[in-house]
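Scroll down for the structure; my scribbles are underneath it.
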Amino acid sequence: MNENFIFCNGDTFFDININDLISEFLKKKNLSAFVALKKLKLTKGKDTFKLGKKYRILQDHKRKSKLINSGIYVLSKKIIPDLIKLGSLEKNVFPKLIIKKKIFGKEYKNEFLDMGELSTLKKLPKFLQKITYKPGLFLDRDGVINKDTGYVYRKQDFIWRKNIFKFIKKYNDKNYYIFIISNQSGVGRGYYKEKDVLNLHDWMVNKIRLKGGNIDKIYFCPYYKFSKNSKYRKQKNMRKPNNGMINKAMKDFNINIKKSLLIGDQDVDRLASIKSGIKYKILQFNSKII
Numbered sequence: 028m029n030e031n032f033i034f035c036n037g038d039t040f041f042d043i044n045i046n047d048l049i050s051e052f053l054k055k056k057n058l059s060a061f062v063a064l065k066k067l068k069l070t071k072g073k074d075t076f077k078l079g080k081k082y083r084i085l086q087d088h089k090r091k092s093k094l095i096n097s098g099i100y101v102l103s104k105k106i107i108p109d110l111i112k113l114g115s116l117e118k119n120v121f122p123k124l125i126i127k128k129k130i131f132g133k134e135y136k137n138e139f140l141d142m143g144e145l146s147t148l149k150k151l152p153k154f155l156q157k158i159t160y161k162p163g164l165f166l167d168r169d170g171v172i173n174k175d176t177g178y179v180y181r182k183q184d185f186i187w188r189k190n191i192f193k194f195i196k197k198y199n200d201k202n203y204y205i206f207i208i209s210n211q212s213g214v215g216r217g218y219y220k221e222k223d224v225l226n227l228h229d230w231m232v233n234k235i236r237l238k239g240g241n242i243d244k245i246y247f248c249p250y251y252k253f254s255k256n257s258k259y260r261k262q263k264n265m266r267k268p269n270n271g272m273i274n275k276a277m278k279d280f281n282i283n284i285k286k287s288l289l290i291g292d293q294d295v296d297r298l299a300s301i302k303s304g305i306k307y308k309i310l311q312f313n314s315k316i317i
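Just so you know, we're using the numbering used here here: the sequence shown kicks off at 28 and counts up by one.
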């Protein structure tokens, strides 16, 4: 395993921004565990914790707190010897880490389900249907995510827009799907290859993750009507101002389209939003996103 890893209990489901949990863990030095906490009205039979300053976890010996361990953690590989020796993560390892100030946590208010019993397990289908139906934030790439300097396909030419990391994370935390929809006719024109676009997008997604944000999926259209490659003269409907990429996202995800938002910097973005019935917000090149 890697030096740090995500560890999840199999009988709980917590609809949080996992990348936020990871980024909070990485902000701390010499930390062994970071726990996603959830406040419940009924905590019988559950481990409860108190939350101190700067996310420090304290043991709740008198069981007055309503904060429970949700079953989602970021852990350091350093705890494995203690886990093997002591046995139970929650009963034996965590109390030791609390004394050593090696465990921190953060309360999340997202939807939570403990499905450890048959009665609660039966609630899972409706629960999943509920939490997956949420609005989408559709972002143009060049001009919104990064400055549009013309046919960007290399990371050394990629200039991030000011505050874009905070902006994406803000909508992650508001429980939106985040999509990037981008015309990439440079592929059809032969300026670069699809592989170049995919490599750049992988790099983008990882950079956003490290800042606590998440991109659910990136859609791009390599269409160019005069392309020498016949496959890039097809699927014109995918290219903005058409809304093929938005329609593809709607097939792939359970999107609440009425509450969704598209942010772009060109008229083709506005027209694509109109065709899909999505609220549109224009972004000027020199304006702040937040």
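Ideal Cβ placement from N, Cα and C applies to all residues, glycine included.
Check: In three-state DSSP terms, what is N274?
Finding: Position 247 of the sequence shown, counted from the first residue, corresponds to residue 274. In the structure shown, N274 sits in a helix (DSSP, three-state: H, G or I).
Notebook entry, point to check: Tell me, which residues are paired with A63 by DSSP?
Noted result: Counted from its first residue, the sequence shown places residue 63 at position 36. According to DSSP, A63 bridges with K133.
Note to self: For H228 and F40, what's the separation of their Cα atoms in angstroms?
What the structure shows: Within the sequence shown, numbered from 1, the residue matching residue 228 stands at position 201. Within the sequence shown, numbered from 1, the residue matching residue 40 stands at position 13. Here the C-alpha atom of H228 lies approximately 29 Å from the C-alpha atom of F40.
Check: In the segment 84 to 161, which residue ranges form an unbroken alpha helix (DSSP H) of at least 4 residues, counting only runs that do not cross its ends?
Finding: Runs found: 107 to 113, 121 to 126, 145 to 148 and 151 to 159.
Margin query: By the three-class DSSP mapping on this structure, what secondary structure does L78 have?
Written below: Within the sequence shown, numbered from 1, the residue matching residue 78 stands at position 51. In this structure, L78 counts as strand in the three-state DSSP scheme.
Check: Helix, strand or coil for S287 per DSSP?
Finding: For the purposes of this step, residue 287 is identified with residue 260 of the sequence shown, where counting begins at 1. Of the three classes helix, strand and coil, the one that applies to S287 here is coil, per DSSP.
Next item on the list: Taking G163 as part of the beta strand (DSSP E), name the residues at either end of that continuous run.
Entry: Start at 1 with the first residue of the sequence shown, and residue 163 comes out as number 136. Per DSSP, G163 belongs to the beta strand (DSSP E) from G163 to L166.
Note to self: Since V224 and F247 should fall inside the 8 Å C-beta cutoff, what is the C-beta to C-beta distance between them, to a whole number of angstroms?
What the structure shows: Taking the first residue of the sequence shown as position 1, residue 224 is located at position 197. Taking the first residue of the sequence shown as position 1, residue 247 is located at position 220. The Cβ separation is near 6 Å, so the contact holds.
Check: Whose C-beta lies closer than 7 Å to the C-beta of V171 among residues of the same chain, with five residues either side of it excluded?
Finding: Counted from its first residue, the sequence shown places residue 171 at position 144. Result list for V171: R188, I290, G291, D292 and L310, in chain order.
Notebook entry, point to check: Which value, in whole angstroms, describes the spacing of the CA atoms of N233 and K89?
Noted result: By one-based count along the sequence shown, residue 233 stands at place 206. By one-based count along the sequence shown, residue 89 stands at place 62. Straight through space, the alpha carbons of K89 and N233 are spaced by roughly 42 Å.
Check: Relative to the C-alpha of I273, which residue among D47, T70 and L288 is closest?
Finding: Looking up residue 273 in the sequence shown gives position 246. Ranking D47, T70 and L288 by Cα distance to I273 puts L288 first.
Item checked: Neighbourhood of I43 by C-beta distance below 6 Å, restricted to the same chain and skipping five residues each side -> In the sequence shown, counting from the first residue as 1, residue 43 sits at position 16. A63, Y135 and N137, listed in sequence order.
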